[in-house]
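K.L.:
One structure, as structure tokens, below. Some questions next.
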Amino acid sequence: MSVQPATARAGANIALVKYWGKRDARLNLPAAGSISVTLAGLETRTTVSPLPELDADELMLDGQPASAERIVPVLDRYRMLSGQDQHCRVESTNSFPTGAGLASSASGFAALVVAADAAFGTRLDAARLSEQARLGSGSAARSIFGGFVEMAAGHGDDGRDAVAHPLLDAADWPLEVVVAITEIGPKSVSSTDGMNRTMKTSPYYPAWVDSVPEDLERARQAIDATDFEALAEVSESSALKMHASALAAQPGLLYWNPATVACLHEVRALRAAGTGVFFTVDAGPQVKAICLPGQGARVAGRLAGVDGVERVIETTLGPGAGVLT
Ligand code: PMV
4 MSVQPATARA GANIALVKYW GKRDARLNLP AAGSISVTLA GLETRTTVSP
54 LPELDADELM LDGQPASAER IVPVLDRYRM LSGQDQHCRV ESTNSFPTGA
104 GLASSASGFA ALVVAADAAF GTRLDAARLS EQARLGSGSA ARSIFGGFVE
154 MAAGHGDDGR DAVAHPLLDA ADWPLEVVVA ITEIGPKSVS STDGMNRTMK
204 TSPYYPAWVD SVPEDLERAR QAIDATDFEA LAEVSESSAL KMHASALAAQ
254 PGLLYWNPAT VACLHEVRAL RAAGTGVFFT VDAGPQVKAI CLPGQGARVA
304 GRLAGVDGVE RVIETTLGPG AGVLT
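Spelled out as structure tokens, the structure:
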């Protein structure tokens, strides 16, 4: 097997049916499935260079030295799979503003596992790459694929069936996405900590998990029929239910600020007036607006005018992760 530097890219993804809770924390096995869209414009590019002279893995993140703690287990698995024991220099850059509180772990781990696969010559198929990405971050399993993607909760204890698969190509329903940044700075409580607290203390957590399979079915049908209204209903409901379960944790997880809430009202007002748009919100204060093709610019203009919105990013759905060199 060859060992050589390799570069890969992967897009961030946004869940429409949310992942919030694990059935196994060590292997990042989700308690329920999820459905997302992969984005074109918000991407991570990562180069993995196995170097015989290194005695530990090194990480450069957006040009700055960073802790390699979360990437060492990923590289260890590639060393084991390939039978090669070289340590690596990993250089990773995000196309989206750092410190804007946008999740970079999904695109980051997806780009890392694809680059490491090429660097170590392990040639894993897409399902196994998705499994490797999941071990880094649950949502990263979905960024291996483009367009509309479903992540399975899986049944086994080893995680081999807890992987993502594509539902529909971006080109077959080219929705647009506007991200409204309402707060610059790191998240208050990470997704992992927020999920743990919700699982342990929220009386609504069991009801949340029980409700996901029906949402997955509704979202699958909406995507299959390219029915925007139906997708809007199930996606907004999933996001609000996820936050309801988190709000009911002890102490309650309140990820929203006033501008977040103002954006949700603005999106609903736009939809009521005939614009094809719906919202979703992850474990932070930013609002993601999913728009019918051709409506992103109008939505971006309106959200940019909401009090407290620092900036907006417009993008489209994009392809899955892939090797660049
Ligand atoms: O992949 P993690 O551990 O960062 O969790 C992601 C959780 C949410 O973004 C809130 C929901 C999701 O499905 O992406």
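Per our numbering, the sequence shown starts with residue 4, numbered consecutively.
Each residue gets a CB set at the ideal place from its N, CA and C atoms; glycine is no exception.
Compare the Cα-Cα distances from Y22 to each of S39, P322, T263 and G14 and report the closest residue.
P.N.:
For the residues S39, P322, T263 and G14, the minimum Cα distance to Y22 belongs to S39.
K.L.:
Where does the unbroken beta strand (DSSP E) through D79 begin, and where does it stop?
P.N.:
Looking at the DSSP string, D79 is not in any beta strand (DSSP E); the run it does join, the alpha helix (DSSP H), is V75 to S85.
K.L.:
Starting from D218, trace the alpha helix (DSSP H) both ways and give me its first and last residue.
P.N.:
Looking at the DSSP string, the run of the alpha helix (DSSP H) that includes D218 is Y208 to D227.
K.L.:
Could you tell me which of E56, P100, R145 and T319 sits nearest to V117, measuring between CA atoms?
P.N.:
Selected option, being the one with the closest Cα: R145.
K.L.:
At a cut-off of 7 angstroms, would you count A15 as near ligand 1, judging by its Cβ distance to the nearest heavy atom?
P.N.:
Incorrect: A15 has no Cβ contact closer than 7 angstroms to ligand 1.
K.L.:
Buried or exposed: where does I187 fall if 16 or more other Cβ atoms within 10 Å of its Cβ makes it buried?
P.N.:
I187 should be labelled exposed.
K.L.:
Sort T283, V270 and G323 by Cα distance to Q298 and report the nearest one.
P.N.:
The option with the nearest alpha carbon to Q298 is V270.
K.L.:
Do the region 61-74 and the region 161-181 touch if we need at least three Cβ pairs shorter than 8 angstroms?
P.N.:
The region 61-74 is not in contact with the region 161-181.
K.L.:
Compute the Euclidean distance between the alpha carbons of G197 and D79, then round it to the nearest angstrom.
P.N.:
Cα to Cα, G197 sits roughly 28 angstroms from D79.
K.L.:
Cβ-heavy atom distance between Y81 and ligand 1 below 7 angstroms?
P.N.:
Answer for Y81: no, Cβ out of range of ligand 1.
K.L.:
Work out the CA separation of E239 and H246 for me, nearest whole Å.
P.N.:
Roughly 11 angstroms separates the two Cα atoms.
K.L.:
Is Y22 near ligand 1, going by C-beta to nearest heavy atom under 7 angstroms?
P.N.:
Under cutoff, so the answer is yes.
K.L.:
Considering only residues of the same chain and omitting the five flanking positions on each side of D88, which have a CB-CB separation below 6 angstroms?
P.N.:
Excluding sequence neighbours, D88 sits near R82.
K.L.:
What are the uninterrupted segments assigned as alpha helix (DSSP H) that are 4 or more residues long and contained completely in the region 289-327, given in chain order?
P.N.:
For the region 289-327, whole alpha helix (DSSP H) runs of length 4 or above, ordered along the chain, are 299-307.
K.L.:
Quick one: grab the DSSP three-state call for A286.
P.N.:
In this structure, A286 counts as coil in the three-state DSSP scheme.
K.L.:
Give the straight-line distance between the Cα atoms of S191 and G24, rounded to the nearest whole angstrom.
P.N.:
C-alpha separation (whole angstroms): 18 angstroms.
K.L.:
Would you give the residue range spanned by the alpha helix (DSSP H) that F231 belongs to?
P.N.:
First-last of the alpha helix (DSSP H) with F231: F231 to L250.
K.L.:
If I measure Cβ to Cβ from S214 and keep anything under 7 angstroms in the same chain, skipping five residues before and after, which residues do I get?
P.N.:
Closer than 7 angstroms at Cβ, skipping near neighbours: K244.
K.L.:
When we look at the beta-carbon of R274 and count the other beta-carbons within 10 Å, is it buried (16 or more) or exposed?
P.N.:
R274 comes out buried.
K.L.:
Does the region 279-297 come close enough to the region 259-269 that 3 or more CB-CB pairs lie under 8 angstroms?
P.N.:
Touching, per the Cβ criterion.
K.L.:
Using only the heavy atoms of ligand 1, determine whether one of them is closer than 7 angstroms to the beta carbon of A143.
P.N.:
Because some heavy atom of ligand 1 lies under 7 angstroms away, the Cβ of A143 counts as near it: yes.
K.L.:
To the nearest angstrom, how far is it from the Cα of V51 to the Cα of T125?
P.N.:
Cα to Cα, V51 sits roughly 14 angstroms from T125.
K.L.:
Using a Cβ-Cβ cutoff of less than 7 angstroms, which residues in the same chain neighbour A121 once the five nearest sequence positions on both sides are dropped?
P.N.:
So the qualifying residues of the chain are A9, A11 and V326.
K.L.:
Go through its chain and collect everything with a Cβ distance to D230's Cβ below 8 angstroms, but skip five positions before and after it.
P.N.:
Here the set comprises Q224.
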